[in-house]
């Protein structure tokens, strides 16, 4: 069980602030670091991985500092964003070199195990220069896993993977997290984060915009009204009842659907079944229109 | 002195177009030396001209530049050095391992051919070979270390190295008086001049500094460059996006 | 512009009208005017290369090396001109063509830095398909890059020669003699620029890795020069003056200088080693043509592969 603790971490380059006063704790399980391009995700991961010193604040891994401390790499596996690798060696040789650099007791076995984990055993005797982008990503993943780390930092790991490889990697990450490891991955593709992250950290323009489960974050965003789409047997009657009750801020009647805006989620949720029953309206479908990670994200970015 | 780093470095150095130059240049030098021997019947003065000016003055710094920048420059440039840096290996070991590979390569492909060219082109009791061998060894160690450190310190290491080796040491050294005192080549020639004794002037082997000054400065610059390189590697910022 | 077009729906009860697919005009500007053709494209690339070689339009860092070298190339003529004026000398201490050989190191460093800028970056990052998707051919690209580089090389060799000329004029040296000398020097510069640009571009096209092209070009130039002088020296020791002169053909500077000094009737840079018979000059000219031709061929082959996606 390892945790990375960032305390008021900032990083600036001259006048440009890349990361601005970020405080967060990355614990066991899968955490998704979410943010648009240029938000500072790579900078943050570089600081967590000991590749960049924060201009202010501290980064600690289990209480110990990560900067200028190569020993942390026994516990930390870092998958960098950089595409380049040692092209002239084969995949197996590269993994073996990585295993030996980690000082593992049986580097050959560790390398083979890592290759099996990422399903790269067959092409492992070809030179890396012949690999496709997805294969290189998988080899990168293998280098981060070869020493069985308790912390995994992945910078855009799904970049360039086809759907099958992505599912495979998601599966792998779930398994690793289930074993109690701390997995952090960055992405700007919401579907990926939605599918596997237990916990998300949102970074916008260098600032820490939100943290937690994305549905619960949505609940916290009270300024923007919740939106629901309702299909019922009598939309007009229901709409009138909702407006009269005061449970909805706005209603929109379009062909066959009723769109509701409400800023008081709780009141609406309690009022709807009661009003439907009292008005004699059958509810056919009630679905939240904006409770996806996408709308959460869009809202956070737009703030 | 990490053996895995050394293996990877050797693989990287020999597997590129760079290595073609590293092979061709000593062969060209030795070929010239042999031709000169035939033509001048092994005249030591002619040999000293070839070895002192062409081999030691031009070829050696250029090869050290190719080798020194080649062991670490491309990896820093494309970011693949992260695979060495994200390991529980002290940065000092990484740099020293690469430096060792570079020095060994310089020894085999630059220093030995320079000494051999003196022997082939013409020598008297191997005095020239020994003198130039020592000078080449000292200069080679210094140049290589400086260029390795330069590769870590700057992305434009090759250009800076060229401007130094060719313009500073070569051209300016001839015109501006003080420049000669700050020149690896001059420092390395000092022991050579001493070894050749009275014959030194006849061979055109002169140095602007004394042996003790030369050796001290060489040691200072070599150790200093290595130290600076290690320091910079500890805080190396990788070319990141975002 | 018009909104969605709704087709007239016959009386089908309770059937909502389906809007047709349409693209709205949100301000996208069409361009239907005249578009410049290949010539313009090639010329733009040429000018861009030329400016970029000198660091214009690029960050300050890339201006350092070219302008240091320009300074080094222009400083001696200034000094010479000054000295000539002050001492009322009759002739310049160095001729216009000799100057090119004397300053071969800065000239070589310049092309070593400029050629990789011109071609290596595009090859390294694989952006050639972007160029090829414009109305230009693969050969246009190479031609534009080469011309830009050659013009730049001409400027840095002709510039100092012109300064020398101005110095001579200010020193009230004989006009006619200096004018012909200067024009002859410019002619030599043209041929040297073409040769160096061809060699530099070819080496740079095969060494796209950052820094390697620079080192490879200057190493090649210096080694070839050293070898040619050594061979000449060896030949002279054997009394083979013909071979001693012909050995100069492999060094670009001696190659141009040899032919130029013979054609113009001026003193060569290395008098004892210069070619002076018609046969030797013919060999020199042939070697020049062969080198440029081979470079063109190699470049063509290199870019045949690179232009594909």
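Residue numbers (this note's numbering), protein chains in the order written: chain A, 38 to 340; chain B, 74 to 315; chain C, 6 to 314. Backbone N, C-alpha and C fix where the C-beta goes; we use that ideal spot for every residue, glycine too.
>> Within 10 Å of its beta-carbon, does residue 178 of chain A have 16 or more other beta-carbons around it, so buried, or fewer, so exposed?
In response: Numbered from its first residue, the first chain carries residue 178 of chain A at position 141. By the 10 Å Cβ count, residue 178 of chain A comes out buried.
> For residue 315 of chain B and chain A, any beta-carbon pair shorter than 8 angstroms?
Replying inline: Reading the second chain from its first residue, position 242 is the one you call residue 315 of chain B. For residue 315 of chain B, the predicted model reports a pLDDT of 35, less than 50, meaning its position is unreliable; a value from the coordinates is still stated below. Taking Cβ atoms only, chain A reaches closer than 8 angstroms to residue 315 of chain B, which makes this a yes.
> Which chain A residues are close to residue 155 of chain B, counting only those with a beta carbon under 8 angstroms from its beta carbon?
Replying inline: Translated into the one-based positions of the second chain, residue 155 of chain B becomes position 82. The CB of residue 155 of chain B comes closer than 8 angstroms to the CB of 88, 115, 117 and 119 in chain A, given here in chain order.
>> Can you tell me which residues form a DSSP beta bridge with residue 298 of chain A?
In response: For the purposes of this step, residue 298 of chain A is identified with residue 261 of the first chain, where counting begins at 1. Looking at the DSSP assignment, residue 298 of chain A forms a beta bridge with A:264 and A:287.
>> Counting only C-beta atoms, is residue 70 of chain C closer than 8 angstroms to chain B at any point?
In response: Taking the first residue of the third chain as position 1, residue 70 of chain C is located at position 65. So, interface residue.
> What are the residues that DSSP puts in a beta bridge with residue 249 of chain A?
Replying inline: One-based indexing of the first chain puts residue 249 of chain A at position 212. Bridge partners of residue 249 of chain A according to DSSP: A:237.
>> Residues of chain C with CB closer than 9 angstroms to the CB of residue 142 of chain B, please, in chain order.
In response: On the second chain, residue 142 of chain B is found 69 positions in, with the first residue counted as 1. Simply 216, 217 and 220.
> In chain B, which residues lie less than 9 angstroms from residue 357 of chain C when you measure between Cβ atoms?
Replying inline: This structure cannot speak to residue 357 of chain C, because chain C is shown only from 6 to 314.
> What separation, rounded to the nearest whole angstrom, lies between the Cα atoms of residue 266 of chain B and residue 108 of chain C?
Replying inline: Here residue 266 of chain B refers to the residue found at position 193 when the second chain is read from its first residue. Here residue 108 of chain C refers to the residue found at position 103 when the third chain is read from its first residue. Residue 266 of chain B and residue 108 of chain C: Cα-Cα distance of roughly 29 angstroms.
>> Quick check: what's the CA-CA separation for residue 97 of chain A versus residue 85 of chain A?
In response: Numbered from its first residue, the first chain carries residue 97 of chain A at position 60. Numbered from its first residue, the first chain carries residue 85 of chain A at position 48. Counting only the Cα atoms, residue 85 of chain A lies some 8 angstroms from residue 97 of chain A.
> So what does DSSP say about residue 57 of chain A, is it helix, strand or coil?
Replying inline: Numbered from 1 along the first chain, position 20 holds the residue referred to as residue 57 of chain A. Assigned with DSSP and collapsed to three states, residue 57 of chain A falls in strand.
> Going by DSSP, what residues sit across from residue 149 of chain B in a beta bridge?
Replying inline: The residue given as residue 149 of chain B occupies position 76 in the second chain. Under DSSP, residue 149 of chain B forms no beta bridge with any residue.
> For a contact meaning CB atoms closer than 7 angstroms, what does residue 242 of chain C contact in chain B?
Replying inline: Working through the third chain from its first residue, we reach residue 242 of chain C at position 237. What residue 242 of chain C touches in chain B: 112 and 113.
> Going by the CB atoms, is the gap between residue 135 of chain B and residue 227 of chain C shorter than 8 angstroms?
Replying inline: In the third chain, residue 227 of chain C corresponds to position 222, counting from 1. In the second chain, residue 135 of chain B corresponds to position 62, counting from 1. Contact: yes.
>> I'd like to know if residue 131 of chain B contacts chain C, where contact means its C-beta is closer than 8 angstroms to some C-beta of that chain.
In response: The residue you call residue 131 of chain B lines up with position 58 of the second chain. Among the CB atoms of chain C, one or more fall inside 8 angstroms of the CB of residue 131 of chain B.
> Listed in chain order, which residues of the region 134–149 of chain A have Cβ atoms closer than 8 angstroms to some Cβ of chain B?
Replying inline: Correct list: 134, 135, 137, 138, 139 and 140.
> The beta strand (DSSP E) with residue 44 of chain A in it runs from where to where?
Replying inline: Numbered from its first residue, the first chain carries residue 44 of chain A at position 7. From DSSP, the beta strand (DSSP E) with residue 44 of chain A extends over 41–50.
> For residue 165 of chain B, which of helix, strand or coil comes out of DSSP?
Replying inline: Here residue 165 of chain B is taken as the residue at index 92 of the second chain, counted from 1. It is helical.
> Taking Cβ positions, are residue 159 of chain C and residue 198 of chain C nearer each other than 8 angstroms?
Replying inline: Translated into positions along the third chain, residue 159 of chain C becomes position 154. Translated into positions along the third chain, residue 198 of chain C becomes position 193. Here residue 159 of chain C is near residue 198 of chain C, since their CB atoms are less than 8 angstroms apart.
> Which bits of chain C does residue 109 of chain B rub up against, with CB to CB less than 7 angstroms?
Replying inline: Looking up residue 109 of chain B in the second chain gives position 36. Against chain C, a Cβ distance below 7 angstroms from residue 109 of chain B picks out 235 and 239.
>> Restricting to Cα atoms, I'd like to know which of A:58, A:66 and A:72 is closest to residue 348 of chain A.
In response: Residue 348 of chain A lies beyond the residue range present for chain A, which begins at 38 and ends at 340; the question has no answer from this structure.
> According to the neighbour-count rule (16 or more other Cβ atoms, all chains shown, within 10 Å of its Cβ), is residue 114 of chain A buried or exposed?
Replying inline: Counting from one through the first chain, the residue named residue 114 of chain A turns up at place 77. Label assigned to residue 114 of chain A: buried.
>> Counting only Cβ-Cβ distances shorter than 8 angstroms, please list the residues of the region 238–250 of chain B near chain E, keeping chain order.
In response: Absent from the structure: chain E. Protein chains present are A, B and C.
> How would you write the range of the beta strand (DSSP E) that residue 325 of chain A sits in, first residue to last?
Replying inline: Residue mapping note: residue 325 of chain A aligns to position 288 of the first chain, counting from 1. Where residue 325 of chain A is concerned, the enclosing beta strand (DSSP E) stretches over 320–325.
> Buried or exposed: where does residue 128 of chain C fall if 16 or more other Cβ atoms within 10 Å of its Cβ makes it buried?
Replying inline: Taking the first residue of the third chain as 1, we reach residue 128 of chain C at position 123. So residue 128 of chain C ends up on the buried side.
> Quick one: does residue 8 of chain C have its CB under 8 angstroms from some CB of chain B?
Replying inline: Against the third chain, residue 8 of chain C aligns to sequence position 3. The predicted model places residue 8 of chain C with a pLDDT of 47, which falls under 50 and marks its position as unreliable; any figure quoted below should be read in that light. No, residue 8 of chain C lies away from the interface with chain B (no Cβ there is under 8 angstroms from its Cβ).
> Taking just the CA atoms, how far does residue 81 of chain A sit from residue 333 of chain A?
Replying inline: For the purposes of this step, residue 333 of chain A is identified with residue 296 of the first chain, where counting begins at 1. For the purposes of this step, residue 81 of chain A is identified with residue 44 of the first chain, where counting begins at 1. Taking the straight line from one Cα to the other gives about 21 angstroms.
> Going by the beta-carbon positions, is the gap between residue 175 of chain B and residue 144 of chain B smaller than 8 angstroms?
Replying inline: Counting from 1 along the second chain, the entry for residue 175 of chain B is found at position 102. Counting from 1 along the second chain, the entry for residue 144 of chain B is found at position 71. Yes. Within cutoff.
>> residue 173 of chain C and residue 59 of chain C - do their beta-carbons sit closer together than 8 angstroms?
In response: Stepping through the third chain from its first residue, residue 59 of chain C is reached at position 54. Stepping through the third chain from its first residue, residue 173 of chain C is reached at position 168. The answer is no: Cβ separation not under 8 angstroms.
>> Can you confirm whether residue 146 of chain B, when its beta carbon is compared against all beta carbons of chain C, has any partner nearer than 8 angstroms?
In response: Position 73 of the second chain, counted from the start, is the residue given in the question as residue 146 of chain B. Residue contact with chain C for residue 146 of chain B: present (Cβ-Cβ distance below 8 angstroms to some residue of chain C).
> Can you tell which of C:195, C:106, C:255 and C:92 has its C-alpha closest to the C-alpha of residue 274 of chain C?
Replying inline: Position 269 of the third chain, counting from 1, holds the residue named residue 274 of chain C. Closest option to residue 274 of chain C, judged by alpha-carbon separation, among C:195, C:106, C:255 and C:92: C:106.
> At a Cβ threshold of 8 angstroms, is residue 85 of chain A touching chain B?
Replying inline: Counted from its first residue, the first chain places residue 85 of chain A at position 48. Taking a beta-carbon distance threshold of 8 angstroms, residue 85 of chain A does not count as an interface residue toward chain B.
> DSSP state of residue 164 of chain A, grouped into three classes?
Replying inline: Here residue 164 of chain A corresponds to residue number 127 of the first chain, with the count starting at 1. When DSSP states are grouped into helix, strand and coil, residue 164 of chain A belongs to the strand group.
>> Here's the rule I'm using: 16 or more other beta-carbon atoms within 10 Å means buried, otherwise exposed. How should residue 41 of chain C be labelled?
In response: In the third chain, residue 41 of chain C corresponds to position 36, counting from 1. So residue 41 of chain C ends up on the exposed side.
> Cβ atoms of residue 159 of chain A and residue 175 of chain A: under 8 angstroms apart, would you say?
Replying inline: Your numbering for residue 175 of chain A matches position 138 in the first chain. Your numbering for residue 159 of chain A matches position 122 in the first chain. The answer is no: Cβ separation not under 8 angstroms.
> Taking DSSP as the reference, what is the three-state secondary structure of residue 249 of chain B?
Replying inline: To locate residue 249 of chain B, count along the second chain from 1; it is residue 176. Reduced to three states, the DSSP call for residue 249 of chain B is coil.
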